[in-house]
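Asker: Per full-length UniProt numbering, numbering of the sequence shown is gapless, rising by one per residue and ending at 206. Cβ atoms here follow ideal geometry from the backbone N, Cα and C, with glycine treated the same way.
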Amino acid sequence: MSDITRKQHWEHAYETKASDAVSWYQRRPDVSLTMIHDAGLPLEAPLIDVGGGASTLIDALLDEGHSDLSVLDISSAALSKAQERLGPMASHVDWIVADVLDFTPSKRYALWHDRAVFHFLVDAHDRARYLETLQRSLLPEGQMVIATFAEDGPEHCSGLPVARYSVASLQAVLGAAFELVESTRETHLTPGGAEQHFTYARLRRV
């Protein structure tokens with residue numbers, strides 16, 4: 001999928017559906033929050049939510065007192081919905097409209113969170129571009145929390161093919177630059193009542 005087509009796809013997805021009607025909606029992203037807590041970072045550490053869209057993760061992090069938060073998404077419509085939901089609190093977040101594959105960070109982050117992007121990268125070249133961005137963006141010994149569809153997860157999402165991963169295959173793709181710290185599985189129940197199995201991992205840059 002070309003960069004232009006990818007952006008058009010996600011703008012359409014968020015312009016035509018309510019935030020709580022998309023299949024990936026979570027009222028509260030508990031597994032992500034637990035892994036972020038486990039990272040043991042100070043509240044002032046810079047965190048970025050990649051592909052954050054209209055996710056409520058940022059709400060929870062603000063409520064906990066995190067003070068250096070960024071959300072990146074290819075869809076301006078998605079970020080607008082999150083900003084509207086947060087109201088005045090939105091001014092405490094750096095909102096970045098960009099394709100992660102082309103993202104040039106203005107600073108480096110202590111933690112990179114991705115529950116929405118990596119499993120859509122079915123092309124090896126796109127995965128390589130993602131990893132280049134990740135390396136540019138993370139501080140030395142920075143951490144990442146990543147969630148992908150598990151090996152028994154869906155083969156498509158939002159009309160697009162996805163790659164599915166076990167913890168071992170995810171580690172293999174990320175490479176020796178990252179060491180696994182912890183992992184788990186989640187069965188996500190979509191707003192439509194379907195079950196989706198996810199692989200979650202927290203890794204540290206070495």
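In terms of residue numbering, what span does the beta strand (DSSP E) encompassing T184 cover?
Answerer: Looking up residue 184 in the sequence shown gives position 184. T184 -> beta strand (DSSP E) spans 178-189.
Asker: Report yes or no: do the segment 174-190 and the segment 155-163 share at least 3 C-beta pairs separated by less than 8 angstroms?
Answerer: As far as the Cβ criterion goes, the segment 174-190 does not touch the segment 155-163, which means the pair count is below three.
Asker: Alpha carbons only, please: which of V93, L79, I74 is nearest the one belonging to D68?
Answerer: In the sequence shown, residue 68 corresponds to position 68, counting from 1. That would be V93, whose Cα lies nearest to the Cα of D68.
Asker: So, L47 versus L111, is the Cβ gap smaller than 8 angstroms?
Answerer: Locating residue 47 in the sequence shown gives position 47, where the first residue counts as 1. Locating residue 111 in the sequence shown gives position 111, where the first residue counts as 1. Result yes, Cβ atoms of L47 and L111 sit closer than 8 angstroms.
Asker: Just to confirm my understanding: we take M144, look at its own chain, exclude 5 residues before and 5 after, and list those with CB closer than 6 angstroms. What are they?
Answerer: As a working mapping, residue 144 is identified with position 144 in the sequence shown. So the qualifying residues of the chain are W112, L203.
Asker: Check the C-beta distance from L170 over to R129 and give it rounded, since I have them as a contact under 8 angstroms.
Answerer: Stepping through the sequence shown from its first residue, residue 170 is reached at position 170. Stepping through the sequence shown from its first residue, residue 129 is reached at position 129. Not really, about 17 angstroms apart at Cβ, beyond 8 angstroms.
Asker: Could you pull the start and end residues of the alpha helix (DSSP H) that A45 belongs to?
Answerer: Translated into positions along the sequence shown, residue 45 becomes position 45. Per DSSP, A45 belongs to no alpha helix (DSSP H) and is neither H nor E.
Asker: Do you know how far the Cα of I146 is from the Cα of G51?
Answerer: The residue given as residue 51 occupies position 51 in the sequence shown. The residue given as residue 146 occupies position 146 in the sequence shown. Rounded to the nearest angstrom, the two C-alpha atoms are 11 angstroms apart.
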